[in-house]
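Participant:
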Amino acid sequence: MPRAKGRARDYTEAGIRRVPCCVNGCRNKARFQWRICADGNRARALCAAHDVELNEMVLRWAFGRSAASKARAYRRKVEEAEALDVIRALARDLVRRPARKSGAKAHVHDVRRAAR
Ligand SMILES: [Zn+2]
6 MPRAKGRARD
16 YTEAGIRRVP
26 CCVNGCRNKA
36 RFQWRICADG
46 NRARALCAAH
56 DVELNEMVLR
66 WAFGRSAASK
76 ARAYRRKVEE
86 AEALDVIRAL
96 ARDLVRRPAR
106 KSGAKAHVHD
116 VRRAAR
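Structure representation (structure tokens):
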């Protein structure tokens with residue numbers, strides 16, 4: 006995936022998942038977007054891990070230690086959403102690719118043999 010240069014318009018929900026994270030050296034797919042005024046205010050794509058890191062950094066900078074619980078809550082929320090995404094992708098994959106018939110027959114055969 007080529008590294009995105011950022012966009013003037015917001016990424017759509019589907020579009021953000023088609024670009025890589027903008028952080029140097031990161032190869033993760035993006036999930037969120039950020040705009041930095043000093044960066045031309047362009048929409049920049051971020052993966053979930055870097056979005057959490059950036060939120061924690063800004064919370065700490067703005068509010069100090071008192072924002073630690075907000076940072077933990079946000080990390081938990083993003084991690085749960087990511088886990089749900091993985092489960093949904095696995096479920097979609099299972100629906101698209103049903104179990105091979107030969108494998109199923111072999112299993113039935115093995116069960117019959119074991120029953121004798
Ligand atoms: Zn990243």
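Heads up: the sequence shown begins at 6 in the numbering used here, then just goes up one per residue. The C-beta atom is built at its ideal place from N, Cα and C for all residues, glycine as well. Since this is a predicted model, take the numbers as computed values, not measurements.
1. Can you list, in chain order, the residues of its chain whose CB lies under 7 Å from that of Arg32, leaving out five sequence neighbours each side?
2. Does Arg101 come out as helix, strand or coil in the three-state DSSP assignment?
3. Can you list, in chain order, the residues of its chain whose CB lies under 7 Å from that of Asn60, leaving out five sequence neighbours each side?
4. For a test of your reading of the model: does the CB of Asn46 fall under 7 Å from any non-hydrogen atom of ligand 1? Yes or no.
5. Please determine whether the Cβ atom of Val28 lies at a distance below 7 Å from any heavy atom of ligand 1.
6. What is the DSSP secondary structure of Arg23, counted as helix, strand or coil?
7. Who are Arg153's beta bridge partners in DSSP?
8. When the Cα atoms are used, what is the spatial distance from Arg40 to Leu89?
Facilitator: Short version:
1. Start at 1 with the first residue of the sequence shown, and residue 32 comes out as number 27. Closer than 7 Å at Cβ, skipping near neighbours: Pro25.
2. For the purposes of this step, residue 101 is taken as residue 96 along the sequence shown, with counting starting at 1. Three-state result, Arg101: helix.
3. For the purposes of this step, residue 60 is identified with residue 55 of the sequence shown, where counting begins at 1. Answer for Asn60: Ala76, Tyr79, listed in chain order.
4. Along the sequence shown, one-based indexing puts residue 46 at 41. No, the Cβ of Asn46 stays beyond 7 Å of every heavy atom of ligand 1.
5. On the sequence shown, position 23 is the one that residue 28 refers to. Yes, Cβ of Val28 sits closer than 7 Å to a heavy atom of ligand 1.
6. Along the sequence shown, read from residue 1 onward, the residue named residue 23 stands at position 18. Correct three-state label for Arg23: coil.
7. It is not possible to answer for residue 153, since the shown part of the chain is limited to 6 through 121.
8. The count along the sequence shown starts at 1 and reaches residue 40 at position 35. The count along the sequence shown starts at 1 and reaches residue 89 at position 84. Rounded to the nearest angstrom, the two C-alpha atoms are 26 Å apart.
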